[in-house]
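Here the protein sequences line up with chains V and U, keeping their order.
Per the working numbering, the very first residue in the first sequence carries number 1; after that it's consecutive.
Per the working numbering, the very first residue in the second sequence carries number 1; after that it's consecutive.
Yeah, the Cβ is synthetic: ideal placement off N, Cα and C, and Gly gets one too.
All of these numbers come straight from a predicted model, not from anything done at the bench.
Just below is one structure, and these are the notes that go with it.
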Amino acid sequence: SQQGEEDPQALSIQEGENATMNCSYKTSINNLQWYRQNSGRGLVHLILIRSNEREKHSGRLRVTLDTSKKSSSLLITASRAADTASYFCATDAFSGGYNKLIFGAGTRLAVHP
Amino acid sequence: NAGVTQTPKFRVLKTGQSMTLLCAQDMNHEYMYWYRQDPGMGLRLIHYSVGEGTTAKGEVPDGYNVSRLKKQNFLLGLESAAPSQTSVYFCASSKGQGGEKLFFGSGTQLSVL
């Protein structure tokens with residue numbers, strides 16, 4: 001079963017608008033990560049937020065984490081056509097003696113010029 | 001800087017055939033992972049390795065075997081391919097356990113007819 005689930009599944013906006021994607025998870029975490037995947041490519045790490053952090057910024061990206069609600073959001077400000085991609089949240093899950101990353105199903109973002 | 005390299009990029013198999021996917025990383029990472037990505041299901045962990053000579057099962061290990069004879073290489077084998085194994089396969093590596101950011105290869109598109 002998926003640890004993280006993104007919402008919405010798909011998002012379509014105009015260039016210059018902000019895009020917000022949400023992630024909910026089920027069990028306690030040490031940290032949460034967001035990744036981006038361009039069509040036909042591998043995933044690229046965007047940002048990591050630890051469980052004791054509430055907000056983190058990186059360029060046009062803003063990530064929030066609410067551990068009481070077991071949810072996170074990724075905000076992309078002033079979106080560009082080049083931001084068109086799928087975005088995945090990933091949470092760490094401890095089992096079998098090791099900590100592993102479990103990914104959600106992703107949000108497909110389309111930014112139209 | 002090559003990062004994580006996967007070969008081959010595309011492969012078509014007939015049911016019952018076998019093949020090996022090769023992953024190589026040049027970052028001296030201890031941890032390596034094999035994920036599969038299916039539409040609407042995000043990435044699911046097949047097997048992982050926490051160091052040279054070690055392997056462990058992930059979420060969906062059935063039908064796959066792995067080996068990590070050298071630190072920089074992680075091989076994924078399909079002994080008898082089935083149509084249900086049609087997917088995109090991604091290799092990833094990390095410096096430490098899940099919780100550390102992952103570096104991904106560009107993927108292998110596998111079709112089993």
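Spatial distance of residue i from residue j (CA atoms)
| i | j | result |
| --- | --- | --- |
| leucine 43(U) | cysteine 89(V) | 11 Å |
| glutamine 9(V) | methionine 19(U) | 33 Å |
| arginine 36(V) | leucine 69(U) | 31 Å |
| phenylalanine 74(U) | tyrosine 35(U) | 12 Å |
| serine 12(V) | threonine 5(U) | 32 Å |
| methionine 11(U) | serine 80(U) | Reading off the sequence, residue 11(U) comes out as arginine, not methionine. Their backbone Cα atoms lie some 14 Å apart in a straight line. |
| glutamate 30(U) | lysine 69(V) | 33 Å |
| isoleucine 46(U) | lysine 101(U) | 18 Å |
| lysine 57(U) | cysteine 91(U) | 14 Å |
| tyrosine 25(V) | glutamine 33(V) | 12 Å |
| serine 58(V) | lysine 14(U) | 46 Å |
| serine 87(U) | leucine 110(U) | 6 Å |
CB contact check: residue i to chain V, cutoff 8 Å
| i | result |
| --- | --- |
| lysine 101(U) | yes |
| valine 50(U) | yes |
| glutamine 97(U) | yes |
| serine 106(U) | yes |
DSSP three-state assignment for residue i, whether helix, strand or coil
| i | result |
| --- | --- |
| glutamine 97(U) | coil |
| serine 58(V) | strand |
| glutamine 2(V) | Because the pLDDT at glutamine 2(V) is just 47, under 50, the model does not fix this residue reliably, and the value given afterwards should be weighed accordingly. Glutamine 2(V) falls in the coil class under three-state DSSP. |
| aspartate 92(V) | strand |
| alanine 24(U) | strand |
Per DSSP, cross-strand counterpart(s) of residue i
| i | result |
| --- | --- |
| histidine 112(V) | Gln14(V) |
| valine 88(U) | Gln37(U) and Gln109(U) |
| leucine 74(V) | Met21(V) and Val63(V) |
| methionine 19(U) | Leu78(U) |
Residue-chain proximity (residue i, chain U), Cβ-Cβ < 8 Å
| i | result |
| --- | --- |
| leucine 101(V) | yes |
| tyrosine 98(V) | yes |
| histidine 45(V) | yes |
| arginine 108(V) | no |
| arginine 41(V) | yes |
| alanine 105(V) | yes |
Integer Cβ distance of residue i from residue j, believed to fall under 8 Å
| i | j | result |
| --- | --- | --- |
| threonine 84(V) | asparagine 18(V) | Going by Cβ atoms, the distance from threonine 84(V) to asparagine 18(V) rounds to 15 Å, so no, they are not a contact pair. |
Residue-level contact to chain C via CB, residue i, 8 Å cutoff
| i | result |
| --- | --- |
| leucine 48(V) | Given the protein chain composition of this structure (V and U), no chain C is represented. |
The ligand GTP heavy atom lying under 7 Å from the CB of residue i
| i | result |
| --- | --- |
| histidine 29(U) | This structure simply doesn't include the ligand GTP, nor any ligand for that matter. |
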